[in-house]
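Asker: For reference, each letter of the sequence shown is one residue, going 405 to 659 in my numbering. Positions of the beta carbon are idealized from the N, C-alpha and C atoms, including for glycine.
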Amino acid sequence: MKKAYFFDMDGTLYSHRFHEVPPNTLKALYQLKEQGHLVCLATSRTAQELAHLEQEVRTFPFDYRIIDGGAVVLDRNGKCVKKTAIAPHISDRIASWCRRTGTPWRYACEDGMWWDIEGSQKEHDILFSLYLAVPEKKAYEQDEIVNAIVFTKNREAIAPLIQDCSVIWYGSCVEIRAGGVDKAHAIRQICEKEHIAWRCCFGDGSNDIQMIEEADLGIAMGNAAQALCKAADRVIGTVDEDGIWNYMQESMEGE
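#1: May I have the straight-line CA-CA distance separating GLY647 from LEU433, to the nearest angstrom?
#2: Quick check: the Cα distance between GLN567 and ALA489, rounded to an integer number of angstroms?
#3: Report the residue from TYR468, SER533, ALA628, GLY609 whose alpha carbon sits nearest the alpha carbon of TYR574.
#4: Is THR415 near ASN627, with beta carbons less than 7 Å apart?
#5: In the DSSP assignment, find the unbroken beta strand (DSSP E) run with GLU579 in it and report its ends.
#6: Can you give me the C-alpha to C-alpha distance between MET517 and GLN452, rounded to a whole angstrom?
#7: Quick check on DSSP: helix, strand or coil for CYS517?
#8: Per DSSP, ASP479 is paired with what?
#9: Please state whether DSSP places VAL485 in a helix, a strand or coil.
#10: Do the stretch 509 to 527 and the stretch 538 to 545 meet, that is, are 3 or more Cβ pairs less than 8 Å apart?
#11: Evaluate contact between the stretch 578 to 587 and the stretch 597 to 616, counting only Cβ atoms and requiring at least three cross-stretch pairs below 8 Å.
#12: Provide the residue span of the beta strand (DSSP E) that contains ALA619, from first to last.
#13: Give me the residue from ILE594, GLN435, GLN630, MET405 with the minimum Cα distance to GLN653.
#14: What residue from ILE613, ALA636, HIS599, PRO492 has the CA that sits closest to THR447's CA?
#15: With ASN551 as the anchor, note down where its beta strand (DSSP E) starts and where it stops.
#16: Select from LYS597, LYS486, ASP547, TYR651 the residue whose C-alpha is nearest the C-alpha of ASP472.
#17: Using DSSP's beta-bridge definition, name the partner residues of PHE532.
#18: Would you identify the three-state DSSP class for SER419, choosing helix, strand or coil?
#19: Can you look up CYS633 in the DSSP assignment and give me helix, strand or coil?
#20: Between the C-alpha atoms of GLU617 and ALA636, what's the straight-line distance to the nearest angstrom?
#21: Given 8 Å as the limit, is there contact between the stretch 546 to 566 and the stretch 489 to 498, that is, 3 or more CB pairs closer than that?
#22: So, helix, strand or coil for ILE490, using DSSP?
#23: Could you spell out where the alpha helix (DSSP H) holding TYR434 opens and where it closes?
#24: What's the gap between the Cα of LYS431 and the Cα of ILE580?
#25: Does LYS597 have its Cβ less than 7 Å from a Cβ in chain B?
#26: Report buried or exposed for GLU527, applying the criterion of at least 16 other Cβ atoms within 10 angstroms of its Cβ.
#27: Note down the Cα distance separating ASN611 from ILE572, rounded to an integer number of angstroms.
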């Protein structure tokens, strides 16, 4: 039976404590590849945010990279095989509202990510602490946006503008993608294309809930959000505890 494994990046493969993918975690991924399984990345990071990872991770032979929260899918050669942009009239509404209210927002396209309304030092620090990268400033001009982050707590004001979109609400911002676009949808498409009979998904954040629920085996990291732990079939150790490595060794022993 052909199996596929899908991994979130931040908090799942990647440790923010040490800004690395732990060696044993990377070793576990190579073990899965050696066993002939499909091994894929499923992250909300943009391609530019992945570029700052260590070389061993950048060059790992993922069969597919789901990025921008599911809006873009790259094959093993880095070729884009799927791209779903936010409808232009919605992107225009977001830009207009942010400019009118002075609200910082970052937009991502297939070829880059930029501030339209630049964030304060606080927003810069948040993004840098997560990805070791921050967007450059470039005004939005009807660009084809695949993923946007608006730094606002005013849900009531922005919600009507993005009601037809897929959104993830965080404490100080909202992540926006085209309607129906998420990691789970991209995973379904890959599994259909590759004739996958069984899939396992690993995650830790609220944006991983759909893919964990859709998986034949959904696994939450020990550092996962409570809602994700409830949705998962199993909770393992944290990324800093080599949770994935230990789980894989245990699984192999049980076979």
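Answerer: In short:
#1: Put simply, the backbone Cα of GLY647 is about 13 Å away from that of LEU433.
#2: 15 Å
#3: GLY609
#4: For the sequence presented, residue 415 should be read as Gly rather than Thr. In this structure, ASN627 lies closer than 7 Å to GLY415 by Cβ.
#5: 578 to 581
#6: 7 Å
#7: According to the sequence provided, residue 517 is Met. The question's Cys does not apply to it. DSSP places MET517 within a strand segment (E or B) once states are collapsed to three.
#8: TYR468
#9: strand
#10: yes
#11: yes
#12: First-last for ALA619: undefined, no H or E at that position.
#13: GLN435
#14: ILE613
#15: 551 to 554
#16: LYS486
#17: Partner(s): none; PHE532 has no beta bridge.
#18: strand
#19: helix
#20: 7 Å
#21: yes
#22: coil
#23: 427 to 438
#24: Distance from the CA of LYS431 to the CA of ILE580, rounded to the nearest whole angstrom, comes to 33 Å.
#25: This model lacks chain B altogether, as it is built from one protein chain only.
#26: buried
#27: 6 Å
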